[in-house]
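Those sequence lines, one after another, are chains U and Y. The opening residue of the first sequence carries number 109 in the numbering used here; numbering runs sequentially from there. The opening residue of the second sequence carries number 614 in the numbering used here; numbering runs sequentially from there. These notes are about the structure you will find just below.
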Amino acid sequence: MSDSTAVKTVSKLGLDKANTQKWIFLFIAIVPPFGGYLLFTLFPNILSVYYAMLNWDGFTDAKFVGLSNFITAFQDKYVWRALTHNLIFMITVPFFVIIISLLLAYLITNKTYKENKFLKVLFFFPNVLSTVVVALLWAFIYDGSYGLLNGLLKFIGIDIGNFYWLGNESTALASIIPAWVWGGVGLYAIIFANAMLAIPKSLYEAAILEGAGHMTRLFKITMPLVTPIIRVSALFLVVGTMKGFEIILIMTNGGPFGSTDVIGLYMFNLAFGVEYRNYGYASAVGMILFVILVTAKLLIDKFVPNKGYEY
Amino acid sequence: MKEKRTLMDIVWRVVLYAWALTILFPLVWVIYESLKSNPEFFQDIWALPSEFRWQNYSKAWNQYGFGQSLLNTLYYVGGSLVLGLFFTTINAYALTRMTFKGRKLIWGLIMLSLFLPGINALVPQYVIMRELDLTNSLTGLILLSSLGESVFYLMLLGGFMSSLPVELEESATMDGATLFQKFWRVIVPLSTPGIVTVGVFKFLGFYNNFLAPFIYLSDPKKYPIAVQMYSANKQMEFTADWVTLFAGVTIAMVPSIIIYILFQRLLMEGATMGAVKG
Numbered sequence: 109m110s111d112s113t114a115v116k117t118v119s120k121l122g123l124d125k126a127n128t129q130k131w132i133f134l135f136i137a138i139v140p141p142f143g144g145y146l147l148f149t150l151f152p153n154i155l156s157v158y159y160a161m162l163n164w165d166g167f168t169d170a171k172f173v174g175l176s177n178f179i180t181a182f183q184d185k186y187v188w189r190a191l192t193h194n195l196i197f198m199i200t201v202p203f204f205v206i207i208i209s210l211l212l213a214y215l216i217t218n219k220t221y222k223e224n225k226f227l228k229v230l231f232f233f234p235n236v237l238s239t240v241v242v243a244l245l246w247a248f249i250y251d252g253s254y255g256l257l258n259g260l261l262k263f264i265g266i267d268i269g270n271f272y273w274l275g276n277e278s279t280a281l282a283s284i285i286p287a288w289v290w291g292g293v294g295l296y297a298i299i300f301a302n303a304m305l306a307i308p309k310s311l312y313e314a315a316i317l318e319g320a321g322h323m324t325r326l327f328k329i330t331m332p333l334v335t336p337i338i339r340v341s342a343l344f345l346v347v348g349t350m351k352g353f354e355i356i357l358i359m360t361n362g363g364p365f366g367s368t369d370v371i372g373l374y375m376f377n378l379a380f381g382v383e384y385r386n387y388g389y390a391s392a393v394g395m396i397l398f399v400i401l402v403t404a405k406l407l408i409d410k411f412v413p414n415k416g417y418e419y
Numbered sequence: 614m615k616e617k618r619t620l621m622d623i624v625w626r627v628v629l630y631a632w633a634l635t636i637l638f639p640l641v642w643v644i645y646e647s648l649k650s651n652p653e654f655f656q657d658i659w660a661l662p663s664e665f666r667w668q669n670y671s672k673a674w675n676q677y678g679f680g681q682s683l684l685n686t687l688y689y690v691g692g693s694l695v696l697g698l699f700f701t702t703i704n705a706y707a708l709t710r711m712t713f714k715g716r717k718l719i720w721g722l723i724m725l726s727l728f729l730p731g732i733n734a735l736v737p738q739y740v741i742m743r744e745l746d747l748t749n750s751l752t753g754l755i756l757l758s759s760l761g762e763s764v765f766y767l768m769l770l771g772g773f774m775s776s777l778p779v780e781l782e783e784s785a786t787m788d789g790a791t792l793f794q795k796f797w798r799v800i801v802p803l804s805t806p807g808i809v810t811v812g813v814f815k816f817l818g819f820y821n822n823f824l825a826p827f828i829y830l831s832d833p834k835k836y837p838i839a840v841q842m843y844s845a846n847k848q849m850e851f852t853a854d855w856v857t858l859f860a861g862v863t864i865a866m867v868p869s870i871i872i873y874i875l876f877q878r879l880l881m882e883g884a885t886m887g888a889v890k891g
């Protein structure tokens, strides 16, 4: 064997070894996580379209029914009721979260109160808690006989008797809103505060030199530069409120008499509830939610201005 | 320029304190109520406990099976954390610092998950888990939670890793390092801040996870703490044992509080990173 062939053989062996190593590494690095993704996320999403066209209780044989589940869903008054509730939450929760978070963020960043650092840490705390704890805390607040809210009202002289806020059809829905907002504000307050801090002080100083007051600085400098962040946050909040149902599940499970039911919860109970199980119909309802979410995202993209300002 | 303290400042401070109060008040209230006895509580919800009934806590511990659910939680959260963190890290490395055929396709498919709300997938996912015999099993939950792409964390770590200089691998190769060594001994130590951040977030996510364990676990003895508290609350509707429930809720909050105190800066920075990137 000549020298050059020997060198070629050795280096080819070296390359092969490196190549095999590479593929083994890639196998470990990609197959489990990506495989899990395909198996537990992507594939089920595709399957759900198929399921939506079945009549299936999960155990006996499935029956293909085409689009009749969708037709039923459109005529299902519970679906429309749930969607109405979704709409209410979708408008109120993001609105309040953003307003409160913006206010808090502005106060924390623009006022040099000594306690601001502590407040910042405190405000984020509810976001660290589990939804179960948040829901339970607020259930305690709203309790009829021993709740904090009624206690506070009694303190200032209003006696509502043992009014159970979560047990009354007219108040249950509205009662969930503060709980939801409470659990969401912290994160967005921090996000907005960081965004405001990222604005260079030089912009403000220049404005002050030109005689701009607080309000002018707020609306001409701070707000425009924070708007992109608000937009992204609004998107997250709206989508999250639309598909969220855990907090409602724990606080009222859709009651009383379905006055707090939302589409995600309705679907959940159709599939996993105690009574009659209908995987097919549940999937159809789930598909409706899917379509709504994608539409909502596109709408927000269109209507909320995406003017980023360069500085 | 010195800021003048104006009247408005009083207003602003009131606003800040009002919100702070909405956070502190319920928490403090639950904690001091948990130290009362039930009759005391029923009589006057405002009164401070006459004596500190720490026995409520041991009762809550036993009655709600905290010992068992703590073990369950440790197993589930710990297992998912270790597995999930390992796979997210090695996945991020492969996708950002290696080149291979199909990488773009895989990234594309992963990005697709941003458009999926996920709720409609719950039913088929359940069926698949059932076919694989992974239901009613904490191990099944670990597999479900740790295998799968979490786009947010991938992008976080990926961003981190791509900012490291390319020369790192080259010089390691010249030193005779194998691929795995390059990953484990060079990139991972340098990515530690990112890995720790992702780890803390994953921990909180798993600890607070309610829906998946609720769906998949039918045996109450397997409940992790989050689901345990839910069922404890349901129990309370029959027993009216409020103070014990309060004690239970307080116990359930302890790990969250500890993690928060230790990692709060990390959490606040990490939380904003993802959202700001948009």
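Using N, Cα and C, we set each Cβ at its ideal position, and we do this for glycine too.
- Identify every run of the alpha helix (DSSP H) within the region 719 to 804 of chain Y, keeping only runs that are complete inside it and at least 4 residues long; order them along the chain. 735 to 744, 751 to 759, 764 to 775 and 780 to 787
- Task: For N177/U, name the three-state secondary structure that DSSP assigns.
- Result: Numbered from 1 along the first sequence, position 69 holds the residue referred to as residue 177/U. If DSSP states are grouped into helix, strand and coil, N177/U belongs with the helices.
- Item | Between the CA atoms of I284/U and T324/U - distance to the nearest angstrom | By 1-based counting over the first sequence, the position of residue 324/U is 216. By 1-based counting over the first sequence, the position of residue 284/U is 176. Rounded to the nearest angstrom, the two C-alpha atoms are 36 Å apart.
- Query: When Cβ atoms are compared, which residues of the region 682 to 704 of chain Y fall closer than 8 Å to chain U?
  - Reply: F700, T701, I703 and N704
- Who are the near neighbours of Y829/Y in its chain, counting only those whose CB is closer than 7 Å to its CB and skipping five residues on each side? Here the question's residue 829/Y lines up with position 216 in the second sequence. Hits under 7 Å: M742, T748, N749, G753 and L754.
- Say whether chain U places a C-beta atom closer than 8 Å to the C-beta of T748/Y. Taking the second sequence and counting its residues from 1, one reaches residue 748/Y at position 135. Chain U contact via Cβ: absent.
- Item | Residues sharing a beta bridge with F91/U, DSSP | A query on residue 91/U cannot be resolved here, the shown segment of chain U reaching from 109 to 419 and no further.
- the region 327 to 339 of chain U: which residues have C-beta closer than 9 Å to a C-beta of chain Y, in chain order? P336, I337 and R339
- Query: With C-beta atoms as the reference, is L274/U less than 8 Å away from A243/U?
  - Reply: Taking the first sequence and counting its residues from 1, the one referred to as residue 274/U is at position 166. Taking the first sequence and counting its residues from 1, the one referred to as residue 243/U is at position 135. Taking 8 Å as the Cβ cut-off, L274/U and A243/U do not qualify as a contacting pair.
- Helix or strand or just coil, what does DSSP make of W288/U? Taking the first residue of the first sequence as position 1, residue 288/U is located at position 180. Helix, per DSSP.
- Query: Cα separation between M787/Y and L123/U?
  - Reply: The count along the second sequence starts at 1 and reaches residue 787/Y at position 174. The count along the first sequence starts at 1 and reaches residue 123/U at position 15. Near 14 Å, if we compare the C-alpha coordinates of L123/U and M787/Y.
- Rounded to the nearest angstrom, how far is the Cβ of V241/U from that of V862/Y, given a contact under 8 Å? In the first sequence, counting from the first residue as 1, residue 241/U sits at position 133. In the second sequence, counting from the first residue as 1, residue 862/Y sits at position 249. At roughly 6 Å, the Cβ-Cβ gap stays under 8 Å, so V241/U and V862/Y are in contact.
- Let me know the alpha helix (DSSP H) ranges lying completely inside the region 240 to 326 of chain U, each 4 residues or longer, listed in chain order. 256 to 263, 277 to 305, 309 to 317 and 322 to 325
- Task: Taking 8 Å as the cut-off, decide whether the C-beta atoms of L345/U and L722/Y are in contact.
- Result: Counting from 1 along the first sequence, the entry for residue 345/U is found at position 237. Counting from 1 along the second sequence, the entry for residue 722/Y is found at position 109. Cβ distance not < 8 Å, so L345/U and L722/Y don't count as in contact.
- Query: If we call anything under 8 Å between Cβ atoms a contact, is F654/Y one with Y254/U?
  - Reply: Position 41 of the second sequence, counted from the first residue, corresponds to residue 654/Y. Position 146 of the first sequence, counted from the first residue, corresponds to residue 254/U. Yes; because the gap between Cβ atoms is below 8 Å, this pair is in contact.
- Item | Chain-ordered residues of the region 380 to 401 of chain U with a beta carbon less than 7 Å from chain Y | F380, Y387, A390, S391, G394, M395, L397, F398 and L401
- Query: CB-CB under 7 Å to Y706/Y, same chain, minus the five flanking residues each way: which ones, in chain order?
  - Reply: Taking the second sequence and counting its residues from 1, the one referred to as residue 706/Y is at position 93. Answer for Y706/Y: M774, F796 and I800, listed in chain order.
- Query: Quick one: is Y766/Y near chain U, going by C-beta distance under 8 Å?
  - Reply: Here residue 766/Y refers to the residue found at position 153 when the second sequence is read from its first residue. Answer no: the Cβ-Cβ gap between Y766/Y and chain U never drops below 8 Å.
- Are the CB atoms of F819/Y and L694/Y nearer to each other than 8 Å? By 1-based counting over the second sequence, the position of residue 819/Y is 206. By 1-based counting over the second sequence, the position of residue 694/Y is 81. Yes, the Cβ-Cβ distance between F819/Y and L694/Y is below 8 Å.
- Going along the chain, which residues of its own chain have a beta-carbon closer than 6 Å to the beta-carbon of K615/Y, five neighbours each way excluded? As a position in the second sequence, residue 615/Y is number 2, starting the count at 1. In this prediction, K615/Y has a pLDDT of 44, which is less than 50 and means its spatial position is unreliable; nothing more can be read from the coordinates.
- Residues of chain U with CB under 7 Å from Q668/Y, in chain order? Stepping through the second sequence from its first residue, residue 668/Y is reached at position 55. Below the 7 Å Cβ cutoff, chain U contributes no neighbours of Q668/Y, its closest Cβ being approximately 21 Å away.
- Task: Look up N127/U in the DSSP assignment and say whether it is helix, strand or coil.
- Result: Locating residue 127/U in the first sequence gives position 19, counting from the first residue. N127/U: helix per DSSP, three-state reduction.
- Going by CA-CA distance only, name the one from L637/Y, Q794/Y, E783/Y and Q877/Y that's closest to F814/Y. Reading the second sequence from its first residue, position 201 is the one you call residue 814/Y. That would be Q877/Y, whose Cα lies nearest to the Cα of F814/Y.
- alpha helix (DSSP H) containing N846/Y: first to last residue? As a working note, residue 846/Y is residue 233 in the second sequence. Note, N846/Y: alpha helix (DSSP H), I838 to T852.
- Message: Please report the distance separating the alpha-carbon of N669/Y from that of D854/Y.
- Response: Taking the first residue of the second sequence as 1, we reach residue 669/Y at position 56. Taking the first residue of the second sequence as 1, we reach residue 854/Y at position 241. The straight-line gap from Cα to Cα measures roughly 10 Å.
- Cutoff 8 Å: N361/U Cβ touching any chain Y Cβ: Here residue 361/U is taken as the residue at index 253 of the first sequence, counted from 1. It does not; no Cβ of chain Y falls within 8 Å.
- Does the beta carbon of K410/U sit closer than 8 Å to a beta carbon anywhere in chain Y? Position 302 of the first sequence, counting from 1, holds the residue named residue 410/U. Taking Cβ atoms only, chain Y never reaches closer than 8 Å to K410/U, which makes this a no.
- Rank I400/U, N270/U and L191/U by C-alpha distance to the C-alpha of L373/U and give the top, closest one. Numbered from its first residue, the first sequence carries residue 373/U at position 265. Of the listed residues, the one whose Cα sits closest to L373/U is L191/U.
- Query: Can Q839/Y and F823/Y be called in contact, C-beta distance under 8 Å?
  - Reply: Indexing the second sequence from 1 puts residue 839/Y at position 226. Indexing the second sequence from 1 puts residue 823/Y at position 210. It should be pointed out that residue 839/Y corresponds to Ala in this sequence rather than to Gln. Against a cut-off of 8 Å, the Cβ pair of F823/Y and A839/Y comes out as a contact.
- Query: Of all the CB atoms in chain U, is at least one closer than 8 Å to the CB of E780/Y?
  - Reply: Here residue 780/Y refers to the residue found at position 167 when the second sequence is read from its first residue. False, the Cβ-Cβ gap to chain U never drops below 8 Å.
- Roughly how many angstroms lie between the CA atoms of E783/Y and W720/Y, to the nearest whole one? The residue given as residue 783/Y occupies position 170 in the second sequence. The residue given as residue 720/Y occupies position 107 in the second sequence. When rounded, the distance between both Cα atoms is 24 Å.
- Query: By the 10 Å Cβ neighbour count, where 16 or more other Cβ atoms means buried, how is S804/Y classified, buried or exposed?
  - Reply: For the purposes of this step, residue 804/Y is identified with residue 191 of the second sequence, where counting begins at 1. Buried.
- What in chain U is Cβ-close to E762/Y, meaning under 7 Å? Counted from its first residue, the second sequence places residue 762/Y at position 149. Under a criterion of Cβ atoms nearer than 7 Å, the residues of chain U adjacent to E762/Y are, in order, P141, F142 and Y145.
- Query: Does any CB atom of chain Y fall closer than 8 Å to the CB of K351/U?
  - Reply: In the first sequence, residue 351/U corresponds to position 243, counting from 1. So yes, K351/U belongs to the interface.
- Task: Could you pull out every residue in the same chain whose Cβ sits closer than 8 Å to the Cβ of E418/U, ignoring the five residues on either side in sequence?
- Result: The count along the first sequence starts at 1 and reaches residue 418/U at position 310. Reliability of the predicted coordinates at E418/U is poor, the pLDDT of 46 falling under 50, and the value obtained from them is presented with this limitation in mind. Excluding residues within five positions, none has a Cβ falling inside 8 Å.
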